[in-house]
Amino acid sequence: MHISGQTQLIGIVADPIAHVKTPQVINHSAANQGLDLVCVPLHVQGSNLHKVLLGVSGIANLHGLVVTIPYKESIVEYCDELTETARQVGSVNAVRIDPESGRLIGGNFDGEGMLAGLHQQGHRLEGKRVLLVGAGGAGKSIAAAIARQEPARLAIYNRSPARAEALLERLKTQFPKVELSTSDGNAQDFDVIINATSLGLKDDDALPLDPSTLRADALVCEAVMRAGDTPLLAAARLRGCRVHHGQHMIYGQIVQICRFLGVDLQHEHLARILGP
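The numbering of the sequence shown is the numbering used here, which starts it at 12 and goes up by one.
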C-alpha cells in the first residue's frame, strides 16, 4: 500500500477497535481497483466522540466515517442530516462529510448488508418465521430490512425487554401488515435465527440464546464477524443447523457504504478475504 499526499481517507470509529475487519476489506478492494484510498481505524472512547465529530469536517481528504459498536445509536444526535433509512431505524453506521458544507450526513446499511449477504448465499426470508436477537444499532436496521421482505412472522428477543418492546412499537407503525412480536429467546418455532448482538466477539461471551431450542433444519445467521464459527454458530452446527457467517453482512454493504461516502468502488473489485 502506497500512501501519498493525495491519498483519500475513510475512518472507522469504534470502542474497542482491534476486532474490526472493515478496514481490511475496504483497503484490499481499493487496491484491487487502483484507488488511492485507505480506511484507517480510529479508537474513540465515548467521552471523546463529540470532540472527534466536531473536528472531522475540517479534514479535506476525509470522505467520512464507518461507525460500529458501540456508537451506531449515540452518533445519531451529532448528524446534521439523516438518510430516510437511518431516520426510520434510529441508527447510523456510516457518516458522510459533505465536501462543500462540512455537514455530517448519517446513513445505515446494516439491514441492506444482511439481506444482500443472505441473498448472495441463496437464502430468502419471504414467508419465513424469523427470530432476531438484539434490538440495538444493528438490530434496528436488520429488523426493518426483514420486515420489508414479508416474513411469515418476525419476533424480537433482547436481554432488555424494554428495548425489544420499543423496537416492536416502531416496527408496528412502519409495517402494520407484518406479524410482529417479542420473544423469550426460545428458537424452536423459527426457520431463521439472526444474532444482531455483539455476543460472540469474545470467546468468553455468553451465548445470545439457548442453542438447545434450535431446530435441526433452522438457518442460524451472525452479524458478528470473526475467523471461523462464533460460539453460536458452532453450537448450531452441533444441532444440525445451517449457518451463515457475519462477514457476508460486511460484503453485502461495503460497496454501498463506499459509494455513500463518495468513493466509486465497483462490485467486481470487492475483496472477499475474511474466510467462509
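Glycine included, C-beta positions come from ideal geometry on N, C-alpha and C. What you are looking at is a predicted structure, and each value in this text was computed from that prediction instead of being measured.
Close-in-space but distant-in-sequence residues of the same chain around residue i (CB under 7 Å, 5 per side omitted)
i: Leu-73; result: Leu-20, Gly-22, Val-67, Ile-108
i: Gly-57; result: Asp-26
i: Gln-267; result: Phe-120, Glu-123
Beta carbon of residue i nearer than 9 Å to that of residue j
i: Ala-155; j: Val-100; result: yes
i: Val-235; j: Ser-194; result: no
i: His-39; j: Ile-284; result: yes
i: Ala-282; j: Gln-132; result: no
i: Ala-229; j: Ile-204; result: yes
i: Ser-152; j: Ser-102; result: yes
i: Val-63; j: Val-24; result: yes
i: Leu-179; j: Ala-198; result: no
i: Met-260; j: Asp-91; result: no
i: Gly-118; j: Ala-149; result: no
i: Phe-186; j: Arg-164; result: no
Nearest neighbour of residue i, chosen from the options [CA to CA]
i: Leu-48; options: Glu-279, Leu-142, Cys-269, Leu-285; result: Cys-269
i: Ala-247; options: Ser-171, Glu-233, Lys-62, Ile-37; result: Glu-233
i: Cys-252; options: Ala-41, His-259, Leu-129, Leu-243; result: Leu-243
i: Asp-215; options: Thr-241, Asn-206, Ser-223, Val-231; result: Thr-241
i: Val-106; options: Pro-287, Phe-271, Glu-279; result: Phe-271
i: Ala-145; options: Ala-158, Arg-174, Arg-98; result: Looking at the sequence provided, one finds Gly at residue 145 rather than Ala. Of Ala-158, Arg-174, Arg-98, the residue nearest in Cα terms is Arg-174.
i: Gly-113; options: Ala-42, Gly-69, Met-12; result: Gly-69
i: His-61; options: Glu-95, Tyr-89, Gly-45, Pro-287; result: Tyr-89
i: Gly-147; options: Leu-218, Leu-220, Pro-81, Asp-275; result: Pro-81
i: Ala-127; options: Ala-227, Ile-265, Asp-275; result: Ile-265
Buried versus exposed call for residue i [16 or more other C-beta atoms within 10 Å across all chains shown]
i: Glu-137; result: exposed
i: Arg-135; result: exposed
i: Asn-104; result: buried
i: Arg-237; result: buried
i: Ala-71; result: exposed
i: Glu-123; result: buried
i: Leu-93; result: buried
i: Val-51; result: exposed
i: Ile-14; result: exposed
i: Thr-79; result: buried
i: Gly-263; result: buried
i: Asn-206; result: buried
Residues near residue i in its chain [Cβ-Cβ closer than 6 Å; skip 5 each side]
i: Pro-162; result: Leu-136, Lys-139, Val-141
i: Ala-166; result: Leu-142, Ser-192, Ser-194
i: Gly-273; result: His-74
i: His-279; result: Residue identity check: residue 279 is Glu in the sequence provided, not His. Once the five neighbours on either side are set aside, Glu-279 has no close Cβ partner at all.
8 Å CB neighbourhood of residue i in its chain, flanking five on each side removed
i: Lys-32; result: Met-236, Gln-258, Ile-261, Leu-285
i: Ala-217; result: Leu-210
Note down, one range per segment and in chain order, each beta strand (DSSP E) of at least 3 residues found wholly within the stretch 149-224.
164-168, 191-193, 203-206
In chain order, which beta strand (DSSP E) runs of at least 3 residues are fully inside the stretch 22-67?
Qualifying beta strand (DSSP E) stretches, in chain order: 48-54.
Segments of 3+ residues assigned as beta strand (DSSP E) that fall wholly inside the stretch 101-139
105-108, 115-118
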